[in-house]
Each structure stands twice: as structure tokens, then as C-alpha cells.
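Numbering (numbering that gives the first Met the number 0), first residue to last: 0 to 330. Glycine residues also receive a C-beta, built at the ideal position from the N, C-alpha and C atoms. On a predicted model such as this, the values are computed, not experimentally measured, just so you know. These notes are about the structure you will find just below.
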Amino acid sequence: MKAVVLVGGEGTRLRPLTLTTPKPLLPIANVAFLERQLAWLGGHGVDEVVLSLGYLPNAFTEHFSDDRFGDIKLRFVVEHEPLGTAGGIRFAAEGIDERLLVCNGDVLTDLDLGELVRFHAEREAAATIALTRVEDPSAFGVVPTRADGEVVAFVEKPPRHQAPTNWINAGTYVLEPEVIDSIPPRLTVSIERETFPRMLEGPGRLFAMQSGAYWLDIGTPQKYLEAQLDVASGRLGTPPVEGATELAAGVWIQPGATVDPSAFVAGPSVIGVGARIGARARVEASVLGPGTIVGEGANLLRSVVLRGATVAPGARVTDEVVGPEAGLPCG
Ligand code: GTP
0 MKAVVLVGGE
10 GTRLRPLTLT
20 TPKPLLPIAN
30 VAFLERQLAW
40 LGGHGVDEVV
50 LSLGYLPNAF
60 TEHFSDDRFG
70 DIKLRFVVEH
80 EPLGTAGGIR
90 FAAEGIDERL
100 LVCNGDVLTD
110 LDLGELVRFH
120 AEREAAATIA
130 LTRVEDPSAF
140 GVVPTRADGE
150 VVAFVEKPPR
160 HQAPTNWINA
170 GTYVLEPEVI
180 DSIPPRLTVS
190 IERETFPRML
200 EGPGRLFAMQ
210 SGAYWLDIGT
220 PQKYLEAQLD
230 VASGRLGTPP
240 VEGATELAAG
250 VWIQPGATVD
260 PSAFVAGPSV
270 IGVGARIGAR
280 ARVEASVLGP
290 GTIVGEGANL
300 LRSVVLRGAT
310 VAPGARVTDE
320 VVGPEAGLPC
330 G
């Protein structure tokens, strides 16, 4: 099966990190987010992925320079101006005339895609949206359904206490070609604000499947940090990074990393390739990127140190993503 992954947005809420690295290429526990997403797609039998690019497209073509990821063939399509989520799908799906999976390029999930496609096929749906339940749906597209899953409304970002349900659009869709053909070409169109609501006006067959699978939109500093700690804790499988071994309960260490015998490290943590933890340092629920250094007596709690960054001796870092030049407070 083929999939389109939407990675055209900048991810402004993760600035300054996204000024140089587009959001889907930022690491989640030392593996680029998009690699984790491609591994998930490949694990469900997806064999071709079109990356719908806009912002910093060269970063993607350089990262995947052999146009493959495992068994997946990659194609790159670049928008010269943002076409929105539906416009981006229409542009990326040019020449594809079959059922298509579509994913937002910022959602970490272990949703069972086989189940989603079966749900879609059984109902002979034109489009099926995966739904996830959140406590506060006010920042999302809220999707009430009938018992069989047929969508009855599409309410974008309702005030918290007026939301008809807590089930929200999870950013993963199955679309038949007729839905893609209905999107006007070369125009900026939003699937959540235009295409799906418009399908409800006519006799379109728009369905949605509720899922209790792990789901997290990594697009804010807090969620970006949370995603890393969830992955480090094994919520999406172990080891959290290929080749890592468990040094102590929940502490995963990658090759070439060193921990001073007088340092204290507690899980869930990942210590990246060649990282160094100095004497009497304390690292708890944190991720250290490749080649990072935690100085003597430094104290790290619920934090991420990105490749190339150093935590000075004695520094205290809590709820933060530390880069080589700039940090991202996540508290
Ligand atoms: P913010 O800048 O933080 O709002 O994030 P974003 O630009 O990534 O936007 P948002 O989270 O709303 O987008 C959801 C997904 O769609 C992300 O994976 C985006 O990369 C992608 N996306 C958003 N707009 C476009 C677009 O115009 N074209 C393409 N190809 N993808 C888009």
C-alpha cells in the first residue's frame, strides 16, 4: 500500500530548533521522528511513501539520500508555496489512482493501520479518519460519530465545554481516489477545515474509527519532550533505540557511551552513542544525544540534550531540551 506523509509545515512552535531542522527530522530518543514513523508504516506493509515537502526540503532529500528507508521506496514532492493539508495531498498523490494512507508528519502513534484499513473497507467508506481520545479537545478537530462510525459532524477547535465528544482527528486517514480527485488542484485547501466538512454536506461516505492506541502530536515543546520520555520508557517497544542495551532498569545505553562510576542514572533514560556522563552527575528520566557531555556534578531531570550539546559542570537542567546553541524550555 502507498502512503503520503505531510511534512510541509515548519513546526513554528518548536522554534528555534525548527529554524535549522524541520520538525519531522528532529530526534525522538535519538532517532529522527520521521524514521520512527516510516518504521511504523513499513511494519504495516506500506511499501511506498510520498513525502509532501515544503519547508526545508533539502534536509529530507539529504537525510534519505538513497530514496529508500528499509523496504520502503521514498518519493519527494516539493510545494513551492504551502498548499495546506488537502492541497498537499492532492499535489503529492498526482498519478496515484488507488486507496491511499495519509499521515500528518508530527504524530507519534502505534495505531494498527491494518485495523484502520479493514474498518474502512468493511464500510465501503470514501474516507476514514482515525480518532484518538484526549482530555481537552479544544485545540483539535472534534469528530462525533454514529455507532457504526459514520461521521456526523466535524467541529474544528471548539471551546472546551462545548465539544460534543472527546474523540479527535488523529491525523491518519484512509482515502479513496474519489476524495483526492474532489480536492481542487494547485489551490491551498485544508482537509480538516474544508474537505471533510464538505463531505458531510452531501451523501459522501465519511467514517471514523476510535482507537485507544498510543498517540501524541509532538508539535509543542512539552509534547516533544513527553514523546521522548515515552519512547525511552519503552511505551512504543524495546529497545527504544536499535542497538541500545539496558544498563540498569529503564536506562538504555548506546555503543561507546561512558558513565562515570560515581554518577547516578535513573530511567527512563537513553544515553546516546559516545555520550559521556561525568563524575557525580545525576541524570534522571532524560535522553542524551550522540556525543553529548554531561559535566561533573551536573543534574539533569526530564530533559533532552541534543547532539553536539554540553551541559556545564554543576548545571541544573529540568524540563528542557538543550541544543548546542539554544535551548527549549518545556516546563
Ligand atoms: P506549526 O507551525 O507549529 O503550527 O506546525 P505545522 O506547520 O507543522 O502545522 P500543523 O501541525 O497544523 O500541520 C499538521 C501536519 O501537516 C504537519 O505534519 C505539517 O508538516 C503538515 N502541513 C501543514 N501544512 C502543510 C502544507 O501546506 N503542505 C504540506 N505538504 N504539509 C503541511
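ask   = Residue range of the beta strand (DSSP E) that Arg185 falls in?
value = Where Arg185 is concerned, there is no enclosing beta strand (DSSP E), given that its DSSP letter is neither H nor E.
message = Using a 10 Å radius around the Cβ and a threshold of 16 neighbouring Cβ atoms, would you call Lys1 buried or exposed?
response = buried
query = What do you get for Gly236, buried or exposed, if any count of 16 or more other CB atoms within 10 angstroms of its CB means buried?
reply = exposed
request  = Please say whether Ala125 and Glu177 have beta carbons closer to each other than 8 Å?
outcome  = yes
query = Which full runs of the beta strand (DSSP E) of 3+ residues lie inside the stretch 260–327, going along the chain?
reply = 263–265, 268–270, 281–283, 298–300, 315–317 and 319–321
Check whether Val304 and Ile276 have beta carbons under 8 Å apart = no
ask   = So Met208 is in the alpha helix (DSSP H); what residue range does that whole segment cover?
value = Premise fails: Met208 lies in the beta strand (DSSP E), Leu205 to Gln209, not in any alpha helix (DSSP H).
inquiry  = To the nearest angstrom, how far is the alpha carbon of Glu324 from that of Val316?
reply    = 15 Å
Straight-line Cα distance separating Arg204 from Leu300 = 48 Å
key: Same chain only: Cβ atoms within 8 Å of Asp46, ignoring 5 sequence neighbours per side   = Met0, Lys1, Asp70, Ile71 and Lys72
query = Would the C-beta of Thr237 count as close to the ligand GTP, meaning under 7 Å from any of its heavy atoms?
reply = no
query = Is Val49 near Ala91, with beta carbons less than 8 Å apart?
reply = yes
query = What do you get for Val3, buried or exposed, if any count of 16 or more other CB atoms within 10 angstroms of its CB means buried?
reply = buried
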